[in-house]
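Worksheet: one structure, shown below.
2 protein chains.
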Amino acid sequence: MPEHDRHGPIDPAAVPARLRSLPSRLIGRTALHADRISHAHLATAGATRWQYAALVTLRDGGPASQAQLSDRTGIHRSDMVAVLAALTEAGHVERAPDPTDRRRNVVTLTTAGRTHLRDLDRRVDAAQTDLLAPLTPPERAELIRLLRRLDDHHRTH
Amino acid sequence: MPEHDRHGPIDPAAVPARLRSLPSRLIGRTALHADRISHAHLATAGATRWQYAALVTLRDGGPASQAQLSDRTGIHRSDMVAVLAALTEAGHVERAPDPTDRRRNVVTLTTAGRTHLRDLDRRVDAAQTDLLAPLTPPERAELIRLLRRLDDHHRTH
DNA sequence: TCCTAACGTTAGGGAGACAAACGTTAAATC
DNA sequence: GATTTAACGTTTGTCTCCCTAACGTTAGGA
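Chains as they are written, first to last, in the UniProt record's numbering: chain A, 1 to 157; chain B, 1 to 157.
Shown next, in the form of structure tokens:
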């Protein structure tokens, strides 16, 4: 029995030039690589990209409601529920009702969460290094600059 | 009754700097914009990105088997089935058993498909223009160059 | 001949992004 | 002060993309 149903990877020479240089396709493929790499680096610590984004946002902006975390991370509020449930269960975050507004939860980074986050920072940095390996430092800076211009433009339509 | 359950878009000022400049995140967000834009341009012609990739590959490389199309486009062969079914039903492609190898189908671009593809080319070009609008021509070229380097590197691990 | 592998196909899983609706609670409007 | 409007957290479900597993069929190498 064949253990892997292998069928070849992309044949680089056979990909039409039109597709090979199409910016939208290139960006999509690069995003796929980036997702795989950062997922791999975070998974060994039992974390996800969304969890990391929430933790960084809490460290940077202090305690916040779930709605604020959604606005700051871009994670949909209906997905934020599970993210915070996992972080709470791991003890990296505490979730308590806001006494001044009983609709809200106040989410706070715990000491354990802060320590855990420092580990994740290193892993995320390593992921960026892997991802950008083929580029020189000035090229990396230029890529970031160009992508930020695109994101800034399209975020606001 | 509220017709839309609006909860604000990303608050740019509140996104932590760490996240705002993280290459993997920037690439992922840009890919999201790119997908939305190219989907929007193709959808009005009843086409998808995968259909476009298959059609371009057939025009560029001539008739091919489904496995060859998979290798050249990066579309998984199990997804290629539905792509070709849609293209066949629309009359843009013909699928016939290969007389020299009865396991294979020979997929051929029809005249109608070629005409349709020219329309899609224009739509895809328009999508790239929208996507890259905030960049100057040399910046666009540089972005493509950098992304191709990343893709070339990570495609081969 | 037997075994291996490629082909097209079906079924399904997992993740990301999102929409809709609901009970609760605050704030705005009258 | 009463009523309407809206925000909050949550549950449920949808859609697309990417991928795995398995199957019957057919070709080719041992």
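The C-beta atom is built at its ideal place from N, Cα and C for all residues, glycine as well.
With a cutoff of 8 Å on beta-carbon distance, residue 38 (chain B) and residue 65 (chain A) are scored as not near each other. The beta carbons of residue 16 (chain A) and residue 56 (chain B) sit closer together than 8 Å. DSSP, reduced to helix, strand and coil, places residue 137 (chain B) within a helical segment of the structure shown.
Among the CB atoms of chain A, none fall inside 8 Å of the CB of residue 65 (chain B).
Residue 151 (chain A) and residue 102 (chain B) have their C-alpha atoms some 49 Å from each other. Assigned with DSSP and collapsed to three states, residue 64 (chain A) falls in strand.
Sixteen is the threshold: since fewer than 16 other Cβ atoms of the shown chains lie within 10 Å of the Cβ of residue 78 (chain A), the residue is exposed.
The beta-carbon of residue 103 (chain B) is placed no less than 8 Å from the nearest beta-carbon of chain A. Bridge partners of residue 97 (chain B) according to DSSP: B:105.
Contact with chain A is found for residue 15 (chain B), since one of that chain's Cβ atoms lies less than 8 Å from the residue's Cβ.
Non-local C-beta neighbours of residue 130 (chain B) in its own chain, meaning closer than 6 Å and more than five positions away in sequence, comprise 37, ordered along the chain. Nearest Cα to residue 127 (chain A) within the set A:14, A:22, A:35, A:89: A:35. By the CB criterion at 8 Å, residue 41 (chain B) and residue 124 (chain B) fall inside the cutoff. Between the stretch 41 to 53 of chain A and the stretch 72 to 87 of chain A there are three or more C-beta pairs closer than 8 Å, enough to call the two in contact.
Residue 76 (chain B) counts as exposed, since fewer than 16 other C-beta atoms from the protein chains shown sit within 10 angstroms of its C-beta. With respect to chain A, the C-beta atom of residue 113 (chain B) has no partner C-beta closer than 8 Å.
Of all residues in the stretch 69 to 97 of chain B, only 70, 71, 72, 73, 74, 77 place a beta-carbon less than 8 Å from a beta-carbon of chain A. C-alpha of residue 107 (chain A) to C-alpha of residue 59 (chain B): approximately 55 Å in a straight line.
Put simply, the CB of residue 107 (chain B) is far from chain A, with every gap to its CB atoms at 8 Å or more.
Scanning chain B for C-beta atoms nearer than 8 Å to the C-beta of residue 42 (chain A) yields nothing, as the closest lies near 10 Å away.
Secondary structure at residue 23 (chain B): helix, using DSSP grouped into helix, strand and coil. By the CB criterion at 8 Å, residue 143 (chain B) and residue 146 (chain A) fall inside the cutoff. The C-beta of residue 128 (chain A) comes closer than 8 Å to at least one C-beta of chain B. Shown here, residue 91 (chain B) sits in coil according to DSSP, grouped into three states, outside any helix or strand. Bounds of the alpha helix (DSSP H) holding residue 120 (chain B) are 111 to 131.
In the displayed model, residue 57 (chain A) falls within a helix according to three-state DSSP. For residue 55 (chain A), the nearest beta carbon of chain B is not closer than 8 Å to its own beta carbon.
Contact between residue 14 (chain A) and residue 121 (chain B) does not hold, since their C-beta atoms are separated by about 20 Å, which reaches or exceeds 8 Å.
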